[in-house]
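> If you read the protein sequences in the order shown, they are chains R and G.
Under this note's numbering, think of the first position of the first sequence as 23, with each following residue one higher.
Under this note's numbering, think of the first position of the second sequence as 23, with each following residue one higher.
There are 2 protein chains.
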Amino acid sequence: MSIKFEPLITESLAKQIAENIREAIVKGSLKVDERLPTEEELAARFEVSRPTIREALKRLAAQHLIRSRRGPTGGTFVNRPSQDEVRLNLTNAMTLLVGMGEFNLADIAETRQGLETLCCRLAAERRTDAHLVALAVELDIQRDPELSDVDFCASDVRFHRVLADATDNALLKFIVLTVIDALQPVANMVVYQFRKRQRLVSQHESILAALQARDADSAIAALNEQIADLGEKYAQACTSRVRHNQSGL
Amino acid sequence: MSIKFEPLITESLAKQIAENIREAIVKGSLKVDERLPTEEELAARFEVSRPTIREALKRLAAQHLIRSRRGPTGGTFVNRPSQDEVRLNLTNAMTLLVGMGEFNLADIAETRQGLETLCCRLAAERRTDAHLVALAVELDIQRDPELSDVDFCASDVRFHRVLADATDNALLKFIVLTVIDALQPVANMVVYQFRKRQRLVSQHESILAALQARDADSAIAALNEQIADLGEKYAQACTSRVRHNQSGL
DNA sequence: ATTTCAGTATTTGTTTGACAAATAAACCTA
DNA sequence: TAGGTTTATTTGTCAAACAAATACTGAAAT
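1. I need the straight-line Cα distance from G/A204 to G/S71, nearest angstrom please.
2. Quick check for students: name the residue ranges of the alpha helix (DSSP H) that lie wholly in the stretch 100-134 of chain G, counting only runs of 4 or more.
3. Helix, strand or coil for R/R57? Go by DSSP, reduced to three states.
4. Taking only beta-carbon positions, decide if G/F99 is within less than 7 Å of chain R.
5. Three Cβ pairs or more, each shorter than 8 Å: is that satisfied between the stretch 150-168 of chain G and the stretch 217-231 of chain R?
6. Which residue marks the beginning of the beta strand (DSSP E) containing R/R89, and which one marks its end?
7. Output needed for G/R180: all residues of its chain with C-beta closer than 6 Å, excluding positions within five of it in sequence on either side, in chain order.
8. Within the same chain, show all residues whose beta-carbon is closer than 7 Å to that of G/R44, passing over the 5 residues directly before and after it, in chain order.
9. DSSP three-state label for G/T98, please.
10. Using a Cβ cut-off of 7 Å, which residues of the stretch 138-165 of chain G contact any Cβ in chain R, in chain order?
11. At which residues does the alpha helix (DSSP H) containing R/K80 begin and terminate?
12. Quick one, are the C-beta atoms of G/F125 and R/L193 less than 7 Å apart?
13. For R/S34, collect the residues of the same chain with a Cβ closer than 6 Å to its Cβ; drop the 5 residues on either side in sequence, then sort them by chain order.
14. Could you name the residues of the stretch 72-103 of chain R whose beta carbon sits closer than 9 Å to any beta carbon of chain G, in the order they occur along the chain?
15. What residue range is occupied by the uninterrupted alpha helix (DSSP H) comprising G/A188?
16. List the residues of chain R whose Cβ lies closer than 7 Å to the Cβ of G/N210, in chain order.
17. With the cut-off set at 7 Å, would you say G/L245 and G/E138 are in Cβ contact?
18. Using a cut-off of 7 Å between C-beta atoms, extract the partners of G/Q105 located in chain R.
19. Quick one, which residues of the stretch 41-56 of chain G are near chain R if we go by CB-CB under 7 Å, in chain order?
20. Do we get a CB-CB distance below 7 Å when we pair G/N62 with the residues of chain R?
21. Between G/N246 and chain R, is any beta-carbon pair separated by less than 7 Å?
22. Can you tell which of G/L144, G/V172, G/R134 and G/A158 has its C-alpha closest to the C-alpha of G/E247?
23. How would you call G/R149, buried or exposed, if buried means at least 16 neighbouring beta carbons within 10 angstroms?
24. What's the C-alpha gap between G/D237 and G/D173?
25. Step through the CB atoms of chain R and report whether any lies within less than 7 Å of the CB of G/A115.
26. Here's a check: name, in chain order, each residue in its chain whose Cβ is nearer than 7 Å to the Cβ of R/E62, leaving out the five neighbours to either side.
27. Can you give me, in chain order, the residues of the stretch 180-199 of chain G that have a beta carbon less than 8 Å from any beta carbon in chain R?
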């Protein structure tokens, strides 16, 4: 006689329930803005207690898959995943990976170069006048010599975000924004020490002019120059940080 | 007299606590594999009850930031974020976005083309012989006319994953794998109806040959041809699906 | 008739206290 | 010393209750 061993589920109930509901959402059995049963009903349905149900729901809430409201018309509802919310998650996760040193700086610079080159090519084709204006606004900000380092950095980030927006490709924009945001701490660390902003600004000016003329190649050239510069600074910042750490120990 | 209004925190305690601990992790005050206080201690520290603490911890567990074990040496520990775990999260989230139609097929095709073009360029430089072998293995599989559609698809995905691996750029690989995985459902839908595999296979053969010769341009040409083909199929699949939906209603 | 306000029901948020299950270390026993 | 047994610790789960938010209901006042 052959004994049929059960799969022997050892995962926590809350996790299983969360996974269960999650699948229902992604498969579409639970539609956007649809209301889930109350926690008590869910507890009865899954034959567990309410705290267990709540732990499961919190897992889903952490992924922005559901939202909850109190009151008679309240309850738990399926969230339409907004790009921004998802991107926040991704950025957090990637920031952590970058912070742990999972990616080296050369890889980061190379990837950014590849992505932004692509952006330049598409943006040169599709940018609107509004994009040019937005870029010009940031340039004006960056030209102010009284600007603090952090503000300069922030403006730099916004400049590149506009570049991504000008591609008119939602997916590419999504990816590029995620990467830019995740890499901002690193970028900050670098530009912070990069006091000669003039070169950065003039590169941005070149990019803006090239986009205005719809000249993709010139835009890419200016961009590559900038990223090459930053690549050097990355390396310097990296070695100096290593030295700092060594001296610190 | 000016009254100083308090920030008026209305967020749930569990959420605040989760955010609190999360920041401690990303800021580095809590190091990898370090053990958090027991749930009881945390409850005392934050002056809330244990279930509330547990809900907070579940939020973090959903993001793979912590893990828990029972027993005397058990407790809650800070997780080293593995690329694969994070990627699984990202892929799930992106799959949802794609499934909700946040990105149109033209954008998807264009983005994929841009990313993989980049991969080809780098892979032509840096591929090792092992990569060539891996690609050849998949090609052999794909040549089998008896292969089922799903298996063909799976092999196709693996082929492109090897391509990403050959770039020797961890970040780029991470991004490309995420996108490929998130888009697999769409790709499946397409290739499924694309019975003439011969053309796909010969394109793969061209890519392999080009990489062997370290000829980036040829590889890119073959790849672009393939993605252009898929772009057409995307469009067809899309319209046919629309028709299907219309007839269904 | 309309507005305003208090009450009420419903649902999530939180607490308390307890027990179950897993697990490693300490402790016996042979 | 080897091997099993107890024990302490910690997370996992449950039960019952109260608190807080919120929309609906209905009565009172204008």
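Glycine included, every Cβ here is placed at the ideal spot set by N, Cα and C.
Working from what's here:
1. 39 Å
2. 105-121
3. strand
4. no
5. no
6. I88 to R91
7. E160
8. L82 and L87
9. strand
10. L140
11. R72 to A84
12. yes
13. none
14. P73, R76, E77, A78, L79, K80, R81, L82, A83, A84, Q85, H86, L87, S90, R102 and P103
15. That residue, G/A188, is in no alpha helix (DSSP H); it is neither H nor E in DSSP.
16. In chain order: nothing, as chain R lies at least about 15 Å away.
17. yes
18. L119 and E124
19. V48
20. The sequence given here has Glu at residue 62 of chain G, not Asn. Output row for G/E62: interface = no.
21. no
22. G/R134
23. buried
24. 29 Å
25. yes
26. R72
27. N191, A192, L193, L194, F196 and I197
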